[in-house]
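A.B. asks: Got a structure here, written out as structure tokens. Questions coming.
In our numbering, the protein residues as written are 4 to 343.
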């Protein structure tokens, strides 16, 4: 039978071996300047001799913080948000931060639960991607002074810095391109009023039409959330409009992929009968049938920048300034001039 497990070395053991107080050992561990060279040498020698490893939990409690950051995203299955997470993780691991990932499912109640959890875990900072209309107010109330950065949108309350996308400019560029092809009856599937992305992209759609003196038609605008099933239902309604649209712009690629299925089920050819464009340039966009014209923005880089901003807030207290990325048009085979 084995003997008892070896006793873990504690900070008091180091203090006794070095002939100093536990406070002195703590100051050495935290690189505090107020320690004499002699005492520092005695402590570091005792640490090496006893093979002492500080408890990360104890250090977190004493500092009221950890080397962990939390990131909340609406949907783990969404490739855009996962690209953001990859960008965050790349910077975080390089700066010795652990990443705690949470999914809200676009539920305000789950967002509040995540707020509380982050406070309990004493995270060093928080990143919020997307979120419901109340999320910034709830985070400000629950996490207090914990450094926070938002991703993919501006802070609705102006409380937090943001690494975001110019959704309006992206929408405007997409519709401008379809107008230049000769389309005038351009449908919109998206424009979710509960999200900045939806509102901004719809505004870009309307701005482009007005710039070309094309009156917006309510029958061609089908607001919906970003869920695939919702987008398919909205596409079906849009295709019933008369006269029919010659092009459809979807406010996300996921909506567009669902829309492609509905359009084909109606017996329509893309782009011979109707052009289709999206937004985000997710990996599937390039291999859809046909490959999807879309608006590209660097989701991974957005996450990278957001984590750098958060690290700056954590380490220096800021201030940091918003970073905004402008989407660029990617033309593929799903768009063409309207049929004569």
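Where is the CB? At the ideal position from N, CA and C, for every residue including glycine.
Here the structure is a predicted model, which means the values were calculated and not measured.
(1) Taking only the alpha-carbon atoms, compute the straight-line gap between residue 32 and residue 112 and give it to the nearest angstrom.
(2) Tell me whether residue 98 sits in a helix, a strand or coil according to DSSP, three-state version.
(3) Enumerate, from N- to C-terminal direction, the unbroken alpha helix (DSSP H) stretches of 4 or more residues contained entirely within the region 165 to 211.
(4) Look at the alpha carbon of residue 265 and the alpha carbon of residue 238, and state the distance between them as a whole number of angstroms.
(5) Should residue 213 and residue 170 be called a contact, given that it needs their Cβ atoms to be closer than 9 Å?
(6) Measure the alpha-carbon distance for residue 118 versus residue 165 and round it to whole angstroms.
(7) Distance, Cα to Cα, residue 159 vs residue 181?
(8) Using the beta-carbon count (16 or more within 10 Å), is residue 338 buried or exposed?
(9) At the level of alpha carbons, what is the spacing between residue 122 and residue 69?
(10) Can you look up residue 14 in the DSSP assignment and give me helix, strand or coil?
(11) Give the range of the beta strand (DSSP E) segment to which residue 328 is assigned.
(12) Near residue 215, which residues of its chain fall below 6 Å by C-beta distance, leaving aside the five closest residues on each side in sequence?
(13) Going by DSSP, what residue range makes up the alpha helix (DSSP H) through residue 304?
(14) Who are the Cβ neighbours of residue 301 in its own chain at under 7 Å, not counting the five residues just before and after it?
(15) Could you check what DSSP says for residue 260 in three-state terms: helix, strand or coil?
(16) May I ask you to report which of helix, strand or coil DSSP gives residue 114?
(17) Which residue comes first and which comes last in the alpha helix (DSSP H) that contains residue 46?
(18) Is residue 134 helix, strand or coil when you go by DSSP?
(19) Short of 6 Å in beta carbon distance, which residues of its chain neighbour residue 174, apart from the five on each side in sequence? Order them along the chain.
(20) Going by beta carbon distance, what residues of the same chain come within less than 6 Å of residue 303, once the five residues before and after it are set aside?
(21) CB-CB under 7 Å to residue 323, same chain, minus the five flanking residues each way: which ones, in chain order?
(22) Could you give the first and the last residue of the continuous alpha helix (DSSP H) run that contains residue 234?
(23) Would you list the residues sitting across from residue 252 in a DSSP beta bridge?
(24) State the DSSP-derived secondary structure class of residue 128, mapped to helix, strand or coil.
(25) Would you identify the three-state DSSP class for residue 1, choosing helix, strand or coil?
(26) Measure how close the beta-carbons of residue 292 and residue 167 come, nearest whole angstrom, since I'm counting them as under 8 Å.
(27) What's the gap between the Cα of residue 342 and the Cα of residue 196?
(28) My output table needs one value for residue 64: the three-state DSSP class, helix, strand or coil.
(29) Distance, Cα to Cα, residue 71 vs residue 305?
(30) Please list the terminal residues of the continuous beta strand (DSSP E) segment that includes residue 299.
(31) In whole angstroms, give me the CA-to-CA distance for residue 148 and residue 129.
(32) Could you pull out every residue in the same chain whose Cβ sits closer than 6 Å to the Cβ of residue 210, ignoring the five residues on either side in sequence?
(33) Rounded to whole angstroms, what is the Cα-Cα separation between residue 282 and residue 44?
(34) Decide if residue 64 is buried, meaning its Cβ has at least 16 other Cβ atoms within 10 Å, or exposed.
(35) For residue 333, which residues in the same chain have their Cβ closer than 6 Å to its Cβ, ignoring the five residues on either side in sequence?
C.D. replies: Let me spell this out:
(1) 40 Å
(2) coil
(3) 170 to 184
(4) 7 Å
(5) no
(6) 18 Å
(7) 31 Å
(8) buried
(9) 11 Å
(10) helix
(11) 326 to 328
(12) 182
(13) 302 to 319
(14) 328
(15) helix
(16) helix
(17) 40 to 53
(18) coil
(19) 204, 207 and 208
(20) 86, 89 and 90
(21) 164, 312, 315 and 316
(22) 231 to 242
(23) 191 and 280
(24) strand
(25) What the structure shows of the chain is the stretch from 4 to 343, and residue 1 is not part of that stretch, so it cannot be assessed.
(26) The Cβ separation is near 32 Å, so there is no contact.
(27) 33 Å
(28) Note that residue 64 has pLDDT 47, beneath the 50 cutoff, so the model's placement of it is unreliable and the number below is only indicative. In the structure shown, residue 64 sits in a helix (DSSP, three-state: H, G or I).
(29) 20 Å
(30) 297 to 299
(31) 11 Å
(32) 175
(33) 60 Å
(34) Caution applies to residue 64, whose pLDDT of 47 falls short of 50 and renders its modelled position unreliable; the value that the coordinates give is listed next. So residue 64 counts as exposed.
(35) 284, 297 and 299
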